[in-house]
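To start, the structure itself, in structure tokens.
Structural data, given as structure tokens:
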């Protein structure tokens, strides 16, 4: 003890400061969104804080930082009527022993957390945004960045003026029930004509810098267009859920069969032990044991196996939680393919928000082509050239 104390006194001057920093934990990183207050425990649950902060802001609530990483929230009128209070203090720190009087402990899965989720799921969020254009709007190589050419030479690319198209993003959560519950967040982007442009397993549209509000989109939407958007998103989500079910069934079935195998091994051993014990005790034959303890074990085995199958029975739920109407920058891209005296002009649309050209149409069949070749004096895709 004396040696240890002497060693602590002889420690370097900065040792206490380093020890305090080690106890405090790693340095706090900047938040995901600048308008969301940060706290001392923001690094422990940043996604949950971001979700709650965005939802409160979009609902019309006023959020202010409070001591110890808490939030003071002035509720909007709708939430005041729902929760019968005007203000609430949210506590996120799971290490807090006590919370202020009247405050809500708001960790994921808590009573207040479920209350917020229920309120958020009642009405899907709707917002309008503009995707900011990149500079330059297309890669220097133009269409050649997405389409290969064999035996042909690409000319210089010419990018047309930027225009804005209306798109809508559907945000959904696919939940797998049964066995080990699992959730996935998906976003589906639908074009102006109702065509599905992309789908991504992400909470937001990936690789886009947004700005609030619509740009150059003053006209109102037609009901028929909204219906086409909704039908396209519904069909895509149902197809996506079917694909995920097939993949999940493999993993869930493997875990279910493993549990049934362990259950069968246990009851088989118990039945053999019971039958052997009865034979030694009474000397009866095996057919006389049908109504004994071994029979009860078999019935219990069947009951437990049925419970296991029911517990691992998979159910899939799709829940739409958000809608985004986008003003999206696009432009036309022209580029020539050359081979001797032959010149073919190709056109493609460019996603200026990402600087990503679309695949060009084959001059022969009109389908999108990943590779173009020269075939019998004209340009064609690989399928047309092979035919």
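Numbering (the numbering used here), first residue to last: 15 to 401. For each residue, glycine too, the CB sits at the ideal point set by N, CA and C. It should be emphasised that the depicted structure is a prediction, and the values quoted were computed from it without experimental measurement.
For this session: Report buried or exposed for residue 235, applying the criterion of at least 16 other Cβ atoms within 10 angstroms of its Cβ.
Result: Walking along the chain shown from the start, residue 235 turns up at place 221. That one is exposed.
Problem set entry | residue 161 - DSSP class collapsed to helix/strand/coil | Counted from its first residue, the chain shown places residue 161 at position 147. The answer is coil: DSSP assigns residue 161 none of H, G, I, E or B.
Exercise. In chain order, which beta strand (DSSP E) runs of at least 3 residues are fully inside the segment 71-126?
Worked result: 76-79, 85-88 and 101-105
For this session: Tell me, please, whether the segment 74-90 touches the segment 229-246 by the rule of three or more beta-carbon pairs shorter than 8 Å.
Result: no
Problem set entry | Contact between the segment 108-127 and the segment 334-354 (3+ Cβ pairs under 8 Å) | no
Problem set entry | Start and end residues, beta strand (DSSP E) containing residue 189 | Reading the chain shown from its first residue, position 175 is the one you call residue 189. Unbroken beta strand (DSSP E) run through residue 189: 177-191.
Exercise. How long is the line joining the alpha carbons of residue 104 and residue 119, rounded to whole angstroms?
Worked result: As a working note, residue 104 is residue 90 in the chain shown. As a working note, residue 119 is residue 105 in the chain shown. Approximately 6 Å, taken between the alpha carbons.
Problem set entry | Option nearest residue 308 by Cα separation, candidates 317, 323, 292 and 319 | Sequence index remark: in the chain shown, residue 308 carries index 294 (1-based). Among 317, 323, 292 and 319, the Cα nearest to that of residue 308 belongs to 292.
Exercise. Is DSSP giving residue 222 helix, strand or coil here?
Worked result: Here residue 222 is taken as the residue at index 208 of the chain shown, counted from 1. Coil at residue 222, not helix or strand.
Exercise. Leaving out five residues before and five after residue 55 in sequence, what residues of the same chain have Cβ atoms less than 8 Å from its Cβ?
Worked result: In the chain shown, residue 55 corresponds to position 41, counting from 1. Residue placement at residue 55 is poorly supported in this model, since its pLDDT is 45, which falls under 50; the coordinates are not used for a value here.
Exercise. First and last residue of the alpha helix (DSSP H) that includes residue 213?
Worked result: Stepping through the chain shown from its first residue, residue 213 is reached at position 199. First-last for residue 213: 210-214, but that is the beta strand (DSSP E), not the alpha helix (DSSP H).
For this session: Could you check what DSSP says for residue 166 in three-state terms: helix, strand or coil?
Result: Position 152 of the chain shown, counted from the start, is the residue given in the question as residue 166. Residue state, collapsed to three classes: coil.
For this session: With DSSP collapsed to three states, give me the class of residue 370.
Result: Along the chain shown, one-based indexing puts residue 370 at 356. Strand, per DSSP.
For this session: State yes or no: is the C-beta of residue 375 within less than 8 Å of the C-beta of residue 381?
Result: One-based indexing of the chain shown puts residue 375 at position 361. One-based indexing of the chain shown puts residue 381 at position 367. With respect to the 8 Å criterion, residue 375 and residue 381 are classified as neighbours on the basis of their beta carbons.
For this session: Please name the residue, chosen from 339, 278 and 289, that lies closest to residue 314 on a Cα-to-Cα basis.
Result: For the purposes of this step, residue 314 is identified with residue 300 of the chain shown, where counting begins at 1. Minimum Cα distance to residue 314 is reached at 278.
Exercise. Along the chain, which unbroken stretches of the alpha helix (DSSP H) at least 4 residues long are found entirely within the segment 280-347?
Worked result: Within the segment 280-347, the complete alpha helix (DSSP H) segments of 4 residues or longer fall at 307-325, listed in chain order.
Exercise. How about residue 343 and residue 145: are their beta carbons less than 8 Å apart?
Worked result: On the chain shown, position 329 is the one that residue 343 refers to. On the chain shown, position 131 is the one that residue 145 refers to. Contact flag set, yes.
Problem set entry | Meets three-Cβ-pair contact criterion under 8 Å: the segment 255-266 and the segment 184-200 | The segment 255-266, when compared against the segment 184-200, does touch it at the 8 Å Cβ threshold.
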